[in-house]
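Chains as they are written, first to last, in UniProt numbering: chain R, 1 to 595; chain Z, 1 to 595.
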C-alpha cells in the first residue's frame with residue numbers, strides 16, 4: 001500500500017508556465033477561466049484522488065472485478081469512489097457548458113486524468129472511456145442524441161463504453177464483422193460479438209451507453225463500410241426514464257496481468273433476440289471517420305495513463321528510499337546504516353524516474369494545449385498549425401509516455417529490491433498495470449507506422465520541418481541563457497541534429513521504398529520522441545531559470561527543476577545517438593531473415 | 001499455453017563452435033567427454049524438458065505453491081517432473097564423479113540450466129539452488145559432510161537451499177543477525193529468522209539441506225563475522241537414515257509477481273527449542289569467503305534464467321506471428337490477410353528477440369567455458385587469465401542477460417497485441433517471471449557497483465585492457481573476413497572504441513573520486529555488456545562465415561546466424577553510443593538533487 005499525494009506544484013509549473021495557460025484563457029470559450037480557478041479545481045480534485053481514490057487501488061488489484069449472473073461487480077469501494085467523482089461533477093469539467101460541462105480547457109482535463117490514473121488507473125478507465133463516448137456523440141450525434149444521452153454522460157450519471165475490437169479485427173479495425181440491420185422505425189438491430197471492451201459491463205452506473213462499430217448489409221468492405229451506433233444497456237423511454245434491458249450482454253471477463261479491477265468484457269449483441277437495438281450516429285459508413293476524430297484524444301489519454309503510473313511509482317519508490325537503510329553510502333560515517341536514497345546508483349534511479357516523469361507531463365500537457373488551440377484559436381492559421389503539431393506529436397506522446405511508464409515502473413521495483421517483487425508492496429502493480437498502455441489504442445508499433453506512414457509525409461515533410469525549427473529555436477534560447485543551461489543547449493542541439501538528419505534520410509529513402517520507412521519506424525519514433533521530450537525539458541530549464549532570475553517562485557523548487565532538466569539532457573536524451581544507426585540500417589536484414 | 005522445443009541446433013552452434021568444446025575436453029578431468037557425448041546428453045535432456053517439464057509451467061503459475069500445516073505443497077505435476085529429473089541423474093551431470101557426478105564440463109551444465117529455465121523457471125530453482133549448496137559443501141565441507149550430504153544432493157535424492165537474506169540484511173549481507181552457538185558436541189544451535197528462501201520448504205524430496213549464514217556470539221561485526229552452517233530439515237542418523245525433524249520451519253510464503261510456483265519462504269530457526277541443529281562448514285567467520293566462491297556460479301545462473309525465459313518467450317512469439325493474420329504487409333496481394341510475421345515492424349521485434357537471445361547464450365556459455373578453464377587448465381597462467389575473464393564478465397552476464405530478458409519478454413507480449421496481456425496466453429508469465437532476475441543474487445545496480453568498484457580496478461585496469469584487446473582482435477579478424485562482415489567489423493570497432501575510452505575515463509576519474517565511478521556504474525555496465533555481447537556476435541559471424549566457406553553444416557542455418565549477427569551489430573549494439581554521455585556525466589546532478 002502506498003500513499004499518493006497530487007503533485008500540485010509540478011502540475012502547476014507545467015500547466016501554468018510550460019503551457020501558456022494565460023494564452024488559453026484568452027481563447028473564446030475559456031473567457032471565464034483564469035489561472036486561479038484552474039488551480040482551485042486541481043487542488044480540490046487532487047484531494048479527492050488522494051483521499052478517496054488512491055486507497056482503492058491495491059484492493060482493486062487484489063480482488064478484481066468479477067461476473068455475477070449477467071452483471072459485473074466492481075471491487076469494494078469503487079462504486080463509492082466513482083459516485084464521489086460523479087456527484088461533484090468532476091467528469092463535466094472539460095466539456096461544453098451547453099451540455100452541462102464546466103467549460104475548462106482540455107489541458108485541465110488532462111491534468112485531472114493524470115491524477116485519476118495515479119490514484120487508480122483501473123477505475124479511471126470508467127470515466128475516461130465515457131469521455132471518449134461523449135466526444136463521439138458531441139461531435140457527430142444528433143441534437144436528440146445529445147439531449148437523451150450526452151447530458152447524463154457529462155454529468156456522470158451514465159457511463160459510456162467503446163466497442164471496437166473483434167477477435168480477427170484488432171489492429172486491423174476494418175476487418176470487423178458485427179452486423180447492423182436497419183429497421184422501419186429508423187433504428188438498427190445489431191448482432192455479433194466484440195472483445196476487449198473496457199467497462200463494457202459494471203455496477204457503477206444505472207445505464208451504460210455503448211458506442212458500437214458495425215457493418216450494414218450492403219456496406220463496402222474494409223474501413224469504408226463501418227458505421228457507429230449508440231447501443232444503450234437499457235433503452236430510454238420518451239420521458240427519459242429507463243425502459244427495457246437491451247440485448248447487449250457480457251459473456252465473460254478476461255483474466256489480465258494488470259488493471260484487474262477494470263472489467264475487460266466479451267460482449268454479445270442480439271444473442272437472445274433478433275439483435276440489440278442501436279441508433280446510428282451521423283451517417284452510415286462514416287464510423288471510421290468519427291473514430292479518427294476521437295483518436296488523438298484517446299491516444300493522448302493512454303499516454304497520460306503512463307504518466308499517472310510513473311508519478312505514482314516514483315512517489316512510492318522515493319518514500320521507500322527515504323526510509324530504508326542499507327549499507328554505507330560513500331563518505332558516510334560508520335554507525336547507523338545509510339538511507340538508500342544516499343547511494344549514487346539509487347539516486348540515478350530516482351532521478352531517471354523523476355526527470356522522465358516530468359518530461360512525460362510536459363509532452364502530454366503540451367499536446368493537450370494544442371488540442372485546445374486547434375479547436376478554438378480565432379485565426380485559422382493558428383488552428384491549423386496547432387492541429388499539425390497535435391497530429392505529429394500524438395504517436396510520440398502515446399508511445400513514449402507508455403514505453404517510459406514501463407521503464408519508470410520497472411525502476412520503481414528495482415529501488416525496492418526484493419520487496420518490489422512482493423505483491424503486498426504495491427510497486428509491482430504499477431509495472432503490471434503499465435504494460436497494457438503500450439498495447440491498446442494502437443500498439444506502439446502501430447503508432448510508429450502512423451508516424452512514418454501518415455505524419456512525416458504531412459505537407460510533404462513541412463510539418464516535421466516546422467517542428468525541427470521549433471526545437472532549434474529552443475536551442476538558440478538556451479544558448480543565450482547563461483552557463484547553467486549550456487550543457488542542456490549542447491545536448492539538445494546534438495539530438496535535434498540527429499532527429500533532423502534521420503528524419504530527412506527516412507523521408508528520402510522511405511519515399512522510394514515504403515518498406516524502408518516501416519523498417520525504421522520504431523527506432524525513429526523513439527529517437528524523435530526523446531528529442532521532443534528533451535526540447536520540452538529545455539523549455540522547462542529556461543522557465544525555471546527565468547523565474548529564478550526574477551525571484552518569482554520557490555527557489556529551491558526551481559533549482560530542482562533545473563537539475564532535473566540537466567539530468568535529462570545528459571542522461572536520458574543521449575539515447576538518441578544509439579538510435580540513429582538502427583533507424584537508418586535499412587530493410588535488408590529485417591526482410592532477409594527467415595522465421 | 002505454449003510449446004517449447006529445446007533449441008538444440010542453436011545450443012550446439014554455441015557450445016561446440018563459439019565455445020571451444022574440443023579444447024575443454026582436453027582438460028584433465030574431461031578426458032572421457034567428447035562432442036558426441038555432450039550432444040547426446042543435451043538431446044536427451046531437451047526431450048525431458050520439452051515433454052515433461054514445459055507443460056507444467058503455466059499450471060505452476062496459475063496454482064502456485066502453498067502452505068499446508070508446516071509444509072509446502074508444490075503444484076500438480078511438479079513432484080513427478082522433479083522425480084523424472086532426479087531419477088535419471090540429470091542433476092549430477094556437471095559434478096565430479098567422485099561424489100556420483102557425471103564429470104561433464106560446467107558449460108554443459110549451463111546449457112542444461114538454459115533448458116530447465118525455458119521449460120519451467122520456477123521449478124528449475126529447486127535443482128539450481130541445490131547446485132549452489134553442493135558447490136559450498138564440495139569446496140569447503142569436511143569429508144564426512146561430503147559423504148553424508150553431498151552424494152545424496154548430487155543424486156537429486158535430497159535438495160539444498162541457500163539461507164542468506166534477513167529483513168535488514170539484503171544487499172548488505174554483513175548486517176545479518178541470525179545466531180549460532182557452539183555446543184559441547186561440536187554442533188551449533190541456530191536461532192533467528194531469514195526471508196526470501198527459495199524452496200526453503202517443499203514436498204519434492206524427503207530431506208532438504210539448508211545452508212545457513214549466521215553469526216557466533218563473539219564474531220566480528222560485518223561480513224568478517226559470518227559463518228556457514230549445514231542445517232538439515234531432518235537430522236541424519238549414523239547409518240544414514242533420517243532421524244528427528246530439525247527445528248527449522250517455514251513461517252510463511254511470499255505472494256510474488258512471478259515464479260509463483262517457487263515457494264519463497266520465511267524460515268524460522270529454533271522457534272520451538274533452543275535452536276536448530278547446525279554443523280559448521282569449514283571455519284568460523286569464513287562464511288562470506290565461501291559464499292564468494294559460489295557467487296560467480298550463482299550470478300551466472302541467474303543470467304541463464306534470463307536466457308531461458310528469453311528463448312521461451314521468443315519461441316512463443318514466433319509461433320503466434322506465424323499463425324496470426326492481421327492487415328496487409330507491404331506488397332501483399334489483397335485477399336487473405338497477411339501473417340503478422342510479414343510486417344516489417346513485427347520482424348524487427350522478432351529479430352531483436354532472436355539476436356539478443358543468441359547473444360545472451362553466447363555470453364553465458366563463454367563465461368561458463370572460462371569457469372571450466374579457470375579450474376582445470378594445466379598451466380597456471382591459463383587458469384589465471386580465465387578466472388580474470390570470469391570475474392570481469394560476471395556482472396555483465398548477470399545484469400545484461402536479465403535486463404535483456406525484461407526487454408525480450410516485453411516484446412514477446414507486444415507481438416501478441418492485446419492477447420499478450422491476457423494471462424491464458426502465457427506470454428505475460430515470462431515477463432512477470434523475468435523481473436526477479438534483475439533483483440536477486442545482487443540487484444543489477446549492485447552488479448554495476450561490483451564492476452566499477454572491484455572488477456575494473458583488477459590488476460590496475462589490466463584485466464579490462466586485456467578484454468579490450470580480445471575484442472579488438474575480433475574486429476581485426478572481421479575486417480579481414482570479406483565484405484559480408486564489414487558492417488559488423490565497423491559497428492564493433494566503434495563500440496570497442498567507446499568502451500575503451502569510457503572505461504579509461506572512468507578509471508581516471510573514479511580513482512580520484514569514487515562517487516564519480518558509482519554514479520557512472522549502471523550506464524557503464526550496460527555499455528560494456530553490449531560491447532561484450534557484440535564481440536561474441538562478431539565471433540558468431542566469423543564462425544558461421546567460415547563454416548559456410550568450408551561447406552561445413554546447414555547453409556541456411558548458417559546464413560541465418562550471419563543475418564542475426566549483422567542485425568545485432570546494426571540495431572542492438574549501437575545503443576552504446578547513447579550510453580557514453582550518461583557514463584561520463586559525472587556526479588554533480590546526481591548528488592546535487594534533493595529528494
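Glycine included, each C-beta is placed from N, C-alpha and C at the ideal position.
On the DSSP bridge assignment, give the partners of residue 211 of chain R in chain order. R:162, R:230
When you check each C-beta in the region 436 to 452 of chain R against every C-beta of chain Z, which residues fall closer than 9 angstroms? 436, 438, 439, 440, 443, 444, 445, 446, 448, 449
Determine the closest residue to residue 313 of chain Z out of Z:363, Z:416, Z:342, Z:44, with distance taken between C-alpha atoms. Z:416
Are the C-beta atoms of residue 337 of chain R and some chain Z residue less than 8 angstroms apart? It does: the Cβ of residue 337 of chain R has a partner Cβ on chain Z nearer than 8 angstroms.
Scan the region 307 to 326 of chain Z for residues whose Cβ lies nearer than 8 angstroms to a Cβ of chain R and list them as they occur along the chain. 318, 321, 322, 325, 326
Please report whether the beta-carbon of residue 512 of chain Z lies at a distance below 8 angstroms from any beta-carbon of chain R. Chain R contact via Cβ: absent.
Reference residue 229 of chain Z; option with closest CA among Z:179, Z:344, Z:244: Z:179
Per DSSP, cross-strand counterpart(s) of residue 252 of chain Z: Z:266
Candidates R:93, R:110, R:111: closest to residue 103 of chain R by CA position: Sorting R:93, R:110, R:111 by C-alpha distance to the C-alpha of residue 103 of chain R places R:93 at the top.
Under 8 angstroms, Cβ to Cβ, is there at least one residue of chain R near residue 582 of chain Z? Answer yes: the Cβ-Cβ gap between residue 582 of chain Z and chain R drops below 8 angstroms somewhere.
How would you label residue 17 of chain R, buried or exposed, when you count the other beta carbons within 10 angstroms and need 16 or more for buried? Counting the other Cβ atoms within 10 Å of the Cβ of residue 17 of chain R gives 16 or more, which makes it buried.
Neighbour list for residue 422 of chain Z in chain R, Cβ cutoff strictly below 7 angstroms: 254, 255, 256
First through last residue of the beta strand (DSSP E) which encompasses residue 134 of chain Z: Here residue 134 of chain Z belongs to no beta strand (DSSP E); instead the alpha helix (DSSP H) covers 106 to 140.
Cβ closer than 7 angstroms: which chain Z residues qualify as neighbours of residue 522 of chain R? 345, 348
Extract the residue ranges of the alpha helix (DSSP H) inside the region 396 to 461 of chain R, only unbroken runs of 4 or more that lie entirely within it. 427 to 435, 444 to 450
Closest residue to residue 158 of chain Z among Z:170, Z:186, Z:344, Z:128 (Cα-Cα distance): Measuring from the Cα of residue 158 of chain Z, the nearest candidate turns out to be Z:128.
Give me the chain Z residues within the contact set of residue 515 of chain R, using Cβ-Cβ distance strictly less than 8 angstroms, ordered along the chain. Close partners of residue 515 of chain R in chain Z (Cβ separation under 8 angstroms): 330, 331, 344.
Compare the C-beta of residue 615 of chain Z with all C-beta atoms of chain R and state if any pair is closer than 8 angstroms. With chain Z covering only 1 through 595, there is no way to say anything about residue 615 of chain Z.
Cβ-heavy atom distance, residue 245 of chain Z to the ligand ATP, below 7 angstroms: The ligand ATP is absent from the structure shown, which contains no ligand whatsoever.
Which one or two residues does DSSP pair with residue 68 of chain Z in a beta bridge? Z:71
Give me the chain Z residues within the contact set of residue 571 of chain R, using Cβ-Cβ distance strictly less than 8 angstroms, ordered along the chain. Neighbourhood of residue 571 of chain R in chain Z, by CB distance below 8 angstroms: 523, 581, 582, 585, 589, in chain order.
Would you kindly report the start and end of the unbroken beta strand (DSSP E) that includes residue 195 of chain R? 188 to 198
Just how far apart, CA to CA, sit residue 194 of chain R and residue 534 of chain Z? 45 angstroms
Count the C-beta pairs between the region 246 to 257 of chain Z and the region 307 to 324 of chain Z that are closer than 8 angstroms, then say yes if the count reaches three, no if not. no
Residue 611 of chain R: first and last residue of the uninterrupted beta strand (DSSP E) it sits in: Because chain R is modelled from 1 through 595, residue 611 of chain R falls outside the range shown and cannot be assessed.
Give the range of the alpha helix (DSSP H) segment to which residue 310 of chain Z is assigned. 287 to 321
Using 8 angstroms as the cut-off, can you tell me whether the region 383 to 397 of chain Z makes contact with the region 507 to 517 of chain Z, which would need three or more C-beta pairs spanning the two stretches below that distance? Counting C-beta pairs closer than 8 angstroms gives fewer than three between the region 383 to 397 of chain Z and the region 507 to 517 of chain Z, which falls short of the contact rule.
Using a Cβ-Cβ cut-off of less than 9 angstroms, give me the residues of the UniProt domain "Acyl-CoA oxidase/dehydrogenase middle" (162 to 267) of chain R that come near chain B, in sequence order. Although the question refers to chain B, the structure presented lacks it and instead comprises the protein chains R and Z.
Specify whether the region 25 to 42 of chain Z and the region 328 to 347 of chain Z touch according to this definition: at least 3 beta carbon pairs, one from each stretch, less than 8 angstroms apart. no
In the DSSP output, which residue or residues are listed as bridge partners for residue 339 of chain Z? Z:325
Do we get a CB-CB distance below 8 angstroms when we pair residue 577 of chain Z with the residues of chain R? yes
Distance check for residue 153 of chain R and residue 53 of chain Z, CA to CA, integer angstroms please. One Cα belongs to residue 53 of chain Z, the other to residue 153 of chain R, and the distance between them is close to 52 angstroms.
Measure the alpha-carbon distance for residue 117 of chain R versus residue 309 of chain R and round it to whole angstroms. 6 angstroms
Is it buried or exposed, residue 292 of chain R, if we count other Cβ atoms within 10 angstroms and call 16 or more buried? exposed
Considering Cα atoms alone, identify which of R:479, R:443, R:504 is closest to residue 463 of chain R. R:504
Less than 6 angstroms between C-beta atoms, sequence neighbours within five positions excluded: which residues of the same chain meet that for residue 68 of chain R? No residues qualify anywhere along the chain.
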